[in-house]
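Peer 1: The structure that follows is given in the form of structure tokens.
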Amino acid sequence: MNDALIKTETMYHAVKLLKTLICFLGSVFIMVPFGFAQQTLLLTESFESAMIPPGTIPPDGWAIELISGASPGVYFVTSSTDPTIETAYDGTNFVQYNSYVIPIGSTRLMSTTALSTINKSNILVDFAWFEDPGYTTSADIVEVQWSTNGIDWNTAATFSRYNAVAAWKVKNVLLPIGAGNQDTLYIAFQFTTAYGNNCAIDMITVTAGPLSPPSFATIGNGTTEVGWPYYTLYQGSRTQMLYTAAQLTAAGASACNLTSIGFNVASNSAQLMTSFEIKLGLTNIPSLTGWVNSGMNTVYQENYVVPGTGWRDITLTNPFPWDGISNVIVEICFGDNGSWISNSPVMGTVSSGTTWHYHDDFYAGCSGTAAGTAQTVTPDIRFGIPPVTLAALMGYVKDVNTMAPVAGAIVQVGSARDTSRANGFFIIYNLTEGLITATTSAAGYVTGSEDINVVSGTATFIDIMMNPGPFVAGMVTDSLTGMPVMGASVTVGTGADAVTTLTVEGGTYQSPALSVTGAQPILIGKTGYIDFSGTVALVPNTVTVQDAALLPSAVQPGIFTAALNNPVTPTEVNLTWGVPQGMYQIIYDDGIQDDIAIWAEATNLNAMKFTPLAWPVKLVGGKVNLGVSADYPADALPLTPFMMLACKADGAGGLPGTLIDSVEV
0 MNDALIKTET MYHAVKLLKT LICFLGSVFI MVPFGFAQQT LLLTESFESA MIPPGTIPPD
60 GWAIELISGA SPGVYFVTSS TDPTIETAYD GTNFVQYNSY VIPIGSTRLM STTALSTINK
120 SNILVDFAWF EDPGYTTSAD IVEVQWSTNG IDWNTAATFS RYNAVAAWKV KNVLLPIGAG
180 NQDTLYIAFQ FTTAYGNNCA IDMITVTAGP LSPPSFATIG NGTTEVGWPY YTLYQGSRTQ
240 MLYTAAQLTA AGASACNLTS IGFNVASNSA QLMTSFEIKL GLTNIPSLTG WVNSGMNTVY
300 QENYVVPGTG WRDITLTNPF PWDGISNVIV EICFGDNGSW ISNSPVMGTV SSGTTWHYHD
360 DFYAGCSGTA AGTAQTVTPD IRFGIPPVTL AALMGYVKDV NTMAPVAGAI VQVGSARDTS
420 RANGFFIIYN LTEGLITATT SAAGYVTGSE DINVVSGTAT FIDIMMNPGP FVAGMVTDSL
480 TGMPVMGASV TVGTGADAVT TLTVEGGTYQ SPALSVTGAQ PILIGKTGYI DFSGTVALVP
540 NTVTVQDAAL LPSAVQPGIF TAALNNPVTP TEVNLTWGVP QGMYQIIYDD GIQDDIAIWA
600 EATNLNAMKF TPLAWPVKLV GGKVNLGVSA DYPADALPLT PFMMLACKAD GAGGLPGTLI
660 DSVEV
């Protein structure tokens, strides 16, 4: 940057230039691509590996299928006519479908490499689609399709080629819920001609959001510690516990597969439980009076050590189907361990007739036949049940005046958030059904919020309209001379919302767009003047005028003396003032931001030279303008430190020579 502010302490009131050289050692900034918050990238295809454009051989993992008509009409090209497309959206190549010359027909461009969406949901397909105003009545289209077997295709969205403005447009398609949590997923684009202009697509991206968090049906909240079912103070143990259908229903479960069980562990032992098994069974009996051996299904069988305290869940190898009306028996057994340490007690609730237990050394555990006894405390348990499919919120952030997309806007619902892309698109996952509040903020726009009803299992679509922020403008003058004051700082707002600008030639200023409205404080000042402070009323889309006439603040002189001109026969008194002792500020900044320099490597130097009218002079501080946040990628902070050097200009040709001092910024 070549704008800087230097503060000096000098023996002379009229200081203009300081004979030192400030050298700025460039720091390294790394530019990163804009990312997709909360998302997993499954596929990206820019067709750069398509063979010999123009040609018909797709990249690996893609195929062309003629559905109807005489010609597939799909080519991989670097430019196109009808309409004129001079460059790809991304890279060099893009896909062209020749609907300009095909009177009737459909062709599918499809992926042949399966994507896995296991443990993922909200599958989002983004792609660039060229729209143009040719042939207004010819609805050439592309359908975004998906399949779980690569044979049977479902259409998720349809887009028309026609638009009054010719340009690449990024489209965002959220696939139906059935595309999530699948072993195999295929994506396709089916073109259908209407004998209009050619169609074109480029840069396909498939991303997935997180699966809804796991759900549990928890039974019991007792505070009594019991040793079963992990009774490792002995070498073998067997425990059966009965949980009723009414308890499961009250805990939020309905007929479903039980996917895990968990206990609230008070303290855990390091003892390995060999021949460890979990069995589940359905029953209509109201209580346990002995072992239930029939109808029990092994759902987990693997040596096990309790891994820690708190709720510890075991995912069942074989999910267990609960019919929604029967009671459930849970059996946990192990042995013979051949060793013992201590129990891993769990929290339980006092209950009679719902737990049957036995333990002993040299006990076979799961195949043991010892009678066992009834217990009066039943371990608290939680069953893993299929998660409720939560809601999603998606849409576009736009300027309310121009309808142009607002990129980099932060849309937040509770702790969930996303940042809008270049086309203004955003998506937020895993929201609870009902009324939610979405808050949106962006540089230069007024922060706003909207209440929206979202529904589980679906994505609610909304356009968020943002009001450009208010502006403050005016003129700053010297109240004694009426002359304009350049380089005065103007600060509007407080805290994180405060914005500062400088007056330029003519003493005028205009703030950047502000993100706050209503009554806000304003402070205008410059070294050598008394600050002006006041309040401005800010209105979106409106310039509020605030002028200021600054009163100069005199810098007190140094030592003052008064002496007779002649002690014997004096005729006058000689008055002597010392030089001013205050701080003075030399501003080399016209208030207009210059092109910001973001260096790719270190050792880039920028220098400014100052010369005083007389010596001595002391340099005590300085500032450098690093630009505004829009000059940097969203994740640029913290910036890499760089050096500011103060040097004498005694090098060859007045270049930096003797180093006076330095500081890391």
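To convert, note that position 329 of the sequence shown is 328 in numbering that gives the first Met the number 0; the numbers rise steadily by one, no gaps. Even glycine gets a Cβ: it sits at the ideal position worked out from N, Cα and C. The structure displayed is predicted, hence computed values, not measured ones.
(1) To the nearest angstrom, how far is the alpha carbon of A403 from that of M465?
(2) When the Cβ atoms of the segment 417 to 427 are set against those of the segment 488 to 507, are three or more pairs found closer than 8 Å?
(3) Could you tell me which of V73, S414, T147 and P228 sits nearest to Y303, measuring between CA atoms?
(4) Among the residues of its own chain, which have a CB less than 6 Å from the CB of G294, if the five just before and after it don't count?
(5) Where do the N-terminal and C-terminal ends of the alpha helix (DSSP H) with A244 fall, by residue?
(6) Using a 10 Å radius around the Cβ and a threshold of 16 neighbouring Cβ atoms, would you call D634 buried or exposed?
(7) Using the three-state DSSP reduction, which class does V27 fall into: helix, strand or coil?
(8) Take H358 and list the residues in its own chain whose beta-carbon comes closer than 7 Å to its own, dropping the five residues that flank it on each side.
(9) When the Cα of T308 is compared with those of G261, S351, S286 and P285, which residue comes out closest?
(10) May I ask you to report which of helix, strand or coil DSSP gives A629?
(11) Less than 8 Å separating the beta-carbons of S120 and N171?
(12) Taking DSSP as the reference, what is the three-state secondary structure of E44?
(13) Is the segment 200 to 209 touching the segment 89 to 100 in the sense that three or more CB pairs, one from each, lie closer than 8 Å?
(14) Using C-beta distances below 6 Å, list every residue in its chain close to G367, excluding the 5 sequence neighbours before and after it, in chain order.
(15) Check whether the Cβ atoms of L114 and L65 lie closer than 8 Å to each other.
(16) Is it right to say G473 is buried, meaning 16 or more other beta carbons lie within 10 angstroms of its own, or is it exposed?
(17) List the whole-angstrom C-beta distance separating Y242 from I277, where the pair is believed to meet the contact cut-off of C-beta under 8 Å.
(18) For D139, count the other beta carbons within 10 Å of its own beta carbon; 16 or more makes it buried, fewer makes it exposed. Which is it?
(19) Classify D201 as helix, strand or coil using the three-state DSSP reduction.
(20) So A128 and L174 are supposed to be a Cβ contact under 8 Å. How far apart are they, rounded?
(21) Entirely within the segment 97 to 182 and at least 3 residues each: give me those beta strand (DSSP E) ranges in chain order.
(22) Between D417, V291 and Y395, which lies nearest to A373 when the distance is taken from Cα to Cα?
(23) Consult DSSP for D450 and reduce its assignment to one of helix, strand or coil.
(24) Could you have a look at A651 and say whether DSSP puts it in helix, strand or coil?
(25) May I have the straight-line CA-CA distance separating T657 from N624, to the nearest angstrom?
(26) For the beta strand (DSSP E) containing V646, list its first residue and its last residue.
(27) Work out the CA separation of T248 and Y395 for me, nearest whole Å.
(28) Could you pull the DSSP bridge partners for E330 from this structure?
(29) If you drop the 5 nearest sequence neighbours on each side, which residues of the same chain put their C-beta closer than 8 Å to that of G54?
(30) So, helix, strand or coil for G208, using DSSP?
(31) Would A487 be called buried (16 or more neighbouring beta carbons within 10 Å of its own) or exposed?
(32) Spell out the partners DSSP gives G517 in its beta bridges.
(33) DSSP beta-bridge partners for A548?
(34) How is the beta strand (DSSP E) around N296 delimited, first residue to last?
(35) On the DSSP bridge assignment, give the partners of F470 in chain order.
(36) To the nearest angstrom, report how far apart F23 and V445 are at their CA atoms.
Peer 2: Taking the geometry as given:
(1) 10 Å
(2) no
(3) P228
(4) G280
(5) A244 to A249
(6) exposed
(7) The predicted model places V27 with a pLDDT of 26, which falls under 50 and marks its position as unreliable; any figure quoted below should be read in that light. Note: V27 maps to coil in three-state DSSP.
(8) Y230, Y233, G235 and S236
(9) G261
(10) helix
(11) no
(12) strand
(13) yes
(14) R237
(15) no
(16) buried
(17) Rounded, the Cβ-Cβ distance is 14 Å, inconsistent with contact.
(18) buried
(19) strand
(20) With the sequence shown as reference, residue 128 is identified as Trp, and Ala is not the correct amino acid for it. Rounded, the Cβ-Cβ distance is 17 Å, inconsistent with contact.
(21) 105 to 110, 119 to 130, 140 to 146, 153 to 159 and 166 to 173
(22) V291
(23) strand
(24) helix
(25) 25 Å
(26) Before going on, a small fix: residue 646 reads as Cys here, not Val. M642 to C646 is the span of the beta strand (DSSP E), which, as asked, contains C646.
(27) 40 Å
(28) Q239 and K278
(29) Y74 and F75
(30) strand
(31) buried
(32) L537
(33) T476
(34) N296 to Q300
(35) V542
(36) Confidence at F23 is low in this model, with a pLDDT of 30, below 50, so its placement is unreliable and no value can be given for it.
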